[in-house]
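Engineer:
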Amino acid sequence: MFLPTTWEEVKRLGWDALDIILVTGDSYIDSPFIGTAVIGKVLLNAGYRVGVIAQPDPKTDADIGRLGEPRLFWGVSAGSVDSMVANYTALKKPRRSDDYTPGGENTRRPDRATIVYANIIRRFTKRAHTLTTENTESTEKHLENSVNSVRLSSPKGTVVKTPPIVLGGIEASLRRVAHYDFWDNAIRRSVLFDAKADYILYGMAENPVLELAAALRDGADPRAVRGLCYIAKEPREGYLELPPYETVAADKLAFIGMFHTFYRNNDPVSARGLTQKHADRYLVQNPPASHQTQAELDAVYALGFERAQHPYYEAQGKVRALETIGFSVSTHRGCYGECSFCAIAVHEGTTVRWRSPESILAEAEGLTQHPAFKGYISDLGGPTANMYGFECRKKLAKGICTDKRCVYPEVCPAMKVNHQPQIDLLRKVRSLPGVKKVFVASGLRYDMILSDQACGDAYLREIVEHHVSGQLKIAPEHTEAHVLDAMGKPGPQALLQFKQKFDALSRQAGKPQFLTYYMIAAHPGCSTGDMMKLKKFTSEKLHINPEQVQIFTPTPSTYDSLMYHTEPDPFTLHPIFVEKDPKRKEHQKDIVTRKPSTEFS
Numbered sequence: 000m001f002l003p004t005t006w007e008e009v010k011r012l013g014w015d016a017l018d019i020i021l022v023t024g025d026s027y028i029d030s031p032f033i034g035t036a037v038i039g040k041v042l043l044n045a046g047y048r049v050g051v052i053a054q055p056d057p058k059t060d061a062d063i064g065r066l067g068e069p070r071l072f073w074g075v076s077a078g079s080v081d082s083m084v085a086n087y088t089a090l091k092k093p094r095r096s097d098d099y100t101p102g103g104e105n106t107r108r109p110d111r112a113t114i115v116y117a118n119i120i121r122r123f124t125k126r127a128h129t130l131t132t133e134n135t136e137s138t139e140k141h142l143e144n145s146v147n148s149v150r151l152s153s154p155k156g157t158v159v160k161t162p163p164i165v166l167g168g169i170e171a172s173l174r175r176v177a178h179y180d181f182w183d184n185a186i187r188r189s190v191l192f193d194a195k196a197d198y199i200l201y202g203m204a205e206n207p208v209l210e211l212a213a214a215l216r217d218g219a220d221p222r223a224v225r226g227l228c229y230i231a232k233e234p235r236e237g238y239l240e241l242p243p244y245e246t247v248a249a250d251k252l253a254f255i256g257m258f259h260t261f262y263r264n265n266d267p268v269s270a271r272g273l274t275q276k277h278a279d280r281y282l283v284q285n286p287p288a289s290h291q292t293q294a295e296l297d298a299v300y301a302l303g304f305e306r307a308q309h310p311y312y313e314a315q316g317k318v319r320a321l322e323t324i325g326f327s328v329s330t331h332r333g334c335y336g337e338c339s340f341c342a343i344a345v346h347e348g349t350t351v352r353w354r355s356p357e358s359i360l361a362e363a364e365g366l367t368q369h370p371a372f373k374g375y376i377s378d379l380g381g382p383t384a385n386m387y388g389f390e391c392r393k394k395l396a397k398g399i400c401t402d403k404r405c406v407y408p409e410v411c412p413a414m415k416v417n418h419q420p421q422i423d424l425l426r427k428v429r430s431l432p433g434v435k436k437v438f439v440a441s442g443l444r445y446d447m448i449l450s451d452q453a454c455g456d457a458y459l460r461e462i463v464e465h466h467v468s469g470q471l472k473i474a475p476e477h478t479e480a481h482v483l484d485a486m487g488k489p490g491p492q493a494l495l496q497f498k499q500k501f502d503a504l505s506r507q508a509g510k511p512q513f514l515t516y517y518m519i520a521a522h523p524g525c526s527t528g529d530m531m532k533l534k535k536f537t538s539e540k541l542h543i544n545p546e547q548v549q550i551f552t553p554t555p556s557t558y559d560s561l562m563y564h565t566e567p568d569p570f571t572l573h574p575i576f577v578e579k580d581p582k583r584k585e586h587q588k589d590i591v592t593r594k595p596s597t598e599f600s
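Sequence positions in the sequence shown follow numbering that gives the first Met the number 0 and run 0 to 600.
1) Should the stretch 230-239 be called in touch with the stretch 66-78, which here means at least 3 C-beta pairs below 8 Å?
2) For the alpha helix (DSSP H) that contains residue 61, what are its first and last residues?
3) Taking contact to mean at least 3 C-beta pairs separated by less than 8 Å, is the stretch 5-20 in contact with the stretch 31-51?
4) Exposed or buried, what is residue 3 when buried is set at 16 or more other beta-carbons lying within 10 Å of its beta-carbon?
5) Which residue comes first and which comes last in the beta strand (DSSP E) that contains residue 231?
6) DSSP state of residue 501, grouped into three classes?
7) Could you pull the DSSP bridge partners for residue 53 from this structure?
8) My understanding is that residue 449 touches residue 497, with C-beta atoms under 8 Å, so please give their C-beta distance in whole angstroms.
9) Can you give the Cα-Cα distance for residue 360 and residue 375, rounded to whole angstroms?
10) Pick out the complete beta strand (DSSP E) segments inside the stretch 184-230, 3 residues or longer, and give them in chain order.
11) To the nearest angstrom, how far is it from the Cα of residue 116 to the Cα of residue 188?
12) Report yes or no: do the stretch 98-112 and the stretch 524-531 share at least 3 C-beta pairs separated by less than 8 Å?
13) For residue 259, which three-state DSSP category applies?
14) In the DSSP assignment, what are the bridge partners of residue 332?
15) Would you report the Cα separation of residue 23 and residue 114, rounded to the nearest angstrom?
16) Residues bridged to residue 165 by DSSP?
17) Let me know the secondary structure DSSP gives residue 543 once reduced to three states.
18) Could you tell me which of 363, 505, 196, 406 sits nearest to residue 161, measuring between CA atoms?
19) Does the beta-carbon of residue 492 have 16 or more other beta-carbons within 10 angstroms, so that it is buried, or is it exposed?
20) My output table needs one value for residue 236: the three-state DSSP class, helix, strand or coil.
21) Taking only the alpha-carbon atoms, compute the straight-line gap between residue 557 and residue 338 and give it to the nearest angstrom.
22) With three or more C-beta pairs closer than 8 Å as the rule, is the stretch 304-319 touching the stretch 28-47?
23) What number of angstroms, rounded off, separates the C-alpha of residue 610 from the C-alpha of residue 577?
24) I'd like to know whether the C-beta atoms of residue 527 and residue 590 end up nearer to each other than 8 Å.
25) Please give me, in chain order, every unbroken run of the alpha helix (DSSP H) with length at least 4 that falls completely inside the stretch 260-344.
26) Consult DSSP for residue 456 and reduce its assignment to one of helix, strand or coil.
27) CB residue 205 to CB residue 37, shorter than 8 Å?
28) Who does residue 567 pair with in a DSSP beta bridge?
29) Check each candidate in 272, 336, 170 and name the one with the smallest Cα separation from residue 489.
30) Within a Cβ cutoff of 6 Å, which residues of the same chain sit near residue 656, ignoring the five residues on either side of it in sequence?
31) Flag this pair as touching only if the stretch 416-431 and the stretch 453-472 have three or more C-beta atom pairs under 8 Å; answer yes or no.
32) State buried or exposed for residue 82, treating a residue as buried only when at least 16 other CB atoms are found within 10 Å of its CB.
33) Can you find the residues in the same chain that come closer than 6 Å, C-beta to C-beta, to residue 478, ignoring five residues on each side of it along the sequence?
34) How would you write the range of the alpha helix (DSSP H) that residue 485 sits in, first residue to last?
35) What are the residues that DSSP puts in a beta bridge with residue 518?
36) Could you tell me which of 501, 285, 559, 357 sits nearest to residue 297, measuring between CA atoms?
Quick look at the structure:
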């Protein structure tokens with residue numbers, strides 16, 4: 000079932016009020032790939048009455064107030080993408096389209112949506128309760144006639160406590176402490192202060208949101224919930240104290256030290272709680288929530304998603320996101336790649352958790368019963384497809400290593416890479432009745448394939464013969480060693496070795512298949528000369544003219560955004576070149592994608 004989005008739907012369910020209202024910057028797409036849908040279904044399954052308001056109009060109470068007030072809390076998310084990333088290109092130009100908005104036009108998600116939505120909720124509840132305390136009869140008339148909402152009632156003159164606002168999703172998660180903001184070119188406060196909200200649930204929050212809801216339902220203090228941030232008058236005893244916001248906003252070296260401490264405390268096995276002073280108050284970040292067990296993860300994906308946009312919003316136009324996620328299957332969460340430009344380590348974590356084969360097969364079999372399914376599973380994978388079914392035992396027992404990464408500069412010997420579980424899974428899924436083709440469209444770590452002496456070649460053969468749609472996407476990102484070092488990516492020799500294997504297997508299979516390469520321009524450490532070398536490498540070694548080249552965008556809570564803002568290498572403190580001129584950034588991209596002008600050469 001869809002979660003209700005209008006009061007008429009609430010009444011049809013036999014509910015007289017809602018416990019929780021989720022507000023999102025995306026259209027309401029009921030899919031296991033959409034965080035608001037997942038959190039809503041988890042809460043519904045636990046017995047809570049949950050509604051959704053998608054992309055509310057900030058200029059009026061009509062949208063935000065149409066379901067009334069929740070009994071327990073408001074849940075606010077900017078959506079599947081940070082709203083500033085969704086709304087602006089790497090050159091800070093407005094984006095014209097939004098794959099998560101009906102009709103695709105980028106007109107519905109406000110800048111800094113988390114803050115905007117929290118503010119309009121405050122405005123609505125303040126107005127409603129002001130009217131309530133003045134005159135109950137006029138309040139009911141206002142809410143019924145003006146916002147078509149469930150009625151509020153309380154004795155005249157009483158002070159009514161409004162339900163708390165809980166922030167979640169990628170935007171709030173990555174902006175939970177003081178962070179560099181590319182669009183302001185400044186260090187911003189924790190979004191909890193700017194949004195004037197009550198709590199943040201960071202990371203993958205299915206279990207924490209249930210704990211929070213239970214605490215609020217039972218009148219208990221929720222501030223002990225793991226994965227929760229809140230504001231306090233004093234620092235919490237026993238927690239690590241980060242340098243104050245005012246200090247890191249003024250001192251880049253202090254910001255580097257702060258970020259190291261923040262980043263190293265993201266693993267639930269080993270992390271400590273953190274506090275950070277903002278003026279005369281403190282942000283308190285509890286340790287991360289424990290990772291879900293396989294049974295818990297399986298249960299989430301068994302909740303029965305419609306894999307469609309809610310009809311209320313479908314009437315406003317289709318969303319392009321469903322073309323990608325509509326018939327895809329997620330096999331695991333987390334990524335131990337820790338690429339410097341990627342926020343997965345801070346949001347999902349660097350410990351990979353995978354679903355059972357039985358759970359995945361049940362979901363795939365369910366797709367075959369969907370009326371719109373044509374036999375093609377668009378993707379079977381995760382943040383990186385070939386990380387399914389194995390993990391480092393040391394990491395599982397003691398937490399992540401803080402002095403090295405799992406697969407950089409080379410695959411750690413303790414990480415026993417084993418592609419056999421995914422080989423078995425792929426074979427089982429593609430053999431299901433009604434499944435014509437299973438594609439692996441998620442990224443692949445080719446260095447991991449090469450490091451798996453037992454099963455790597457067999458896995459690549461499996462991919463080449465059965466799971467490529469004509470082009471296999473990989474992301475070397477660059478070819479120059481010092482730029483790759485800054486990115487935390489493997490060197491070009493692994494890329495050439497992988498290409499040789501892929502081409503040979505494609506020839507043996509009699510399939511005209513190709514590799515598509517994602518590259519990044521204007522990354523910290525990358526100069527115009529480096530892009531010219533990349534162009535030469537791709538032309539002479541890969542025999543292509545890359546089209547998939549993006550200009551680097553510094554996003555919150557990544558090491559690359561730290562480098563971009565401060566300009567030394569954060570690990571050695573040696574200065575690095577950072578291109579900040581928009582025209583020169585574009586020129587770096589043009590060097591690779593087309594014949595550049597000579598203006599900056």
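We put the CB at the ideal spot given by N, CA and C, even for glycine.
Structural biologist: In short:
1) no
2) Indexing the sequence shown from 1 puts residue 61 at position 62. Counting along the chain, the alpha helix (DSSP H) containing residue 61 begins and ends at 60-63.
3) yes
4) On the sequence shown, position 4 is the one that residue 3 refers to. When all chains shown are included, residue 3 counts as buried.
5) On the sequence shown, position 232 is the one that residue 231 refers to. Unbroken beta strand (DSSP E) run through residue 231: 227-231.
6) By one-based count along the sequence shown, residue 501 stands at place 502. Reduced to three states, the DSSP call for residue 501 is helix.
7) On the sequence shown, residue 53 is found 54 positions in, with the first residue counted as 1. The partner list for residue 53 (beta bridge, DSSP) reads 23.
8) The count along the sequence shown starts at 1 and reaches residue 449 at position 450. The count along the sequence shown starts at 1 and reaches residue 497 at position 498. The pair is a contact, with the Cβ atoms about 6 Å apart (cut-off 8 Å).
9) Translated into the one-based positions of the sequence shown, residue 360 becomes position 361. Translated into the one-based positions of the sequence shown, residue 375 becomes position 376. One C-alpha to the other measures close to 14 Å.
10) 185-187, 198-200
11) Position 117 of the sequence shown holds residue 116. Position 189 of the sequence shown holds residue 188. Their backbone Cα atoms lie some 17 Å apart in a straight line.
12) no
13) Translated into the one-based positions of the sequence shown, residue 259 becomes position 260. Of the three classes helix, strand and coil, the one that applies to residue 259 here is helix, per DSSP.
14) On the sequence shown, residue 332 is found 333 positions in, with the first residue counted as 1. Partner(s): 352.
15) Counted from its first residue, the sequence shown places residue 23 at position 24. Counted from its first residue, the sequence shown places residue 114 at position 115. So the two alpha carbons sit approximately 12 Å from each other.
16) The count along the sequence shown starts at 1 and reaches residue 165 at position 166. Residue 165 pairs with 74, 198.
17) As a working note, residue 543 is residue 544 in the sequence shown. Of the three classes helix, strand and coil, the one that applies to residue 543 here is coil, per DSSP.
18) Position 162 of the sequence shown, counting from 1, holds the residue named residue 161. Comparing Cα-Cα distances from residue 161 to each of 363, 505, 196, 406, the minimum goes to 196.
19) The count along the sequence shown starts at 1 and reaches residue 492 at position 493. With fewer than 16 Cβ atoms within 10 Å of its Cβ, residue 492 is classed as exposed.
20) As a working mapping, residue 236 is identified with position 237 in the sequence shown. Three-state result, residue 236: coil.
21) As a position in the sequence shown, residue 557 is number 558, starting the count at 1. As a position in the sequence shown, residue 338 is number 339, starting the count at 1. The alpha-carbon atoms of residue 557 and residue 338 are separated by roughly 9 Å.
22) yes
23) The requested residue 610 does not occur in the structure, where the chain is confined to residues 0 to 600.
24) By one-based count along the sequence shown, residue 527 stands at place 528. By one-based count along the sequence shown, residue 590 stands at place 591. Their beta carbons are under 8 Å apart, which means residue 527 touches residue 590 by this criterion.
25) 293-300, 310-313, 320-324
26) Taking the sequence shown and counting its residues from 1, one reaches residue 456 at position 457. Reduced to three states, the DSSP call for residue 456 is helix.
27) Working through the sequence shown from its first residue, we reach residue 205 at position 206. Working through the sequence shown from its first residue, we reach residue 37 at position 38. Cβ distance < 8 Å, so residue 205 and residue 37 count as in contact.
28) For the purposes of this step, residue 567 is taken as residue 568 along the sequence shown, with counting starting at 1. Note: residue 567 sits in a beta bridge opposite 574.
29) Taking the first residue of the sequence shown as position 1, residue 489 is located at position 490. Closest option to residue 489, Cα to Cα, is 336.
30) Residue 656 is absent from the structure shown; the chain starts at 0 and stops at 600.
31) yes
32) As a position in the sequence shown, residue 82 is number 83, starting the count at 1. Buried, by the Cβ-count rule.
33) Taking the sequence shown and counting its residues from 1, the one referred to as residue 478 is at position 479. Closer than 6 Å at the Cβ level, and outside the excluded window around residue 478, lie 491, 533, 536.
34) For this step, residue 485 is matched to residue 486 along the sequence shown. 480-486 is the span of the alpha helix (DSSP H), which, as asked, contains residue 485.
35) Walking along the sequence shown from the start, residue 518 turns up at place 519. Answer is 476, 548.
36) As a position in the sequence shown, residue 297 is number 298, starting the count at 1. Taking only the C-alpha atoms, the option nearest residue 297 is 357.
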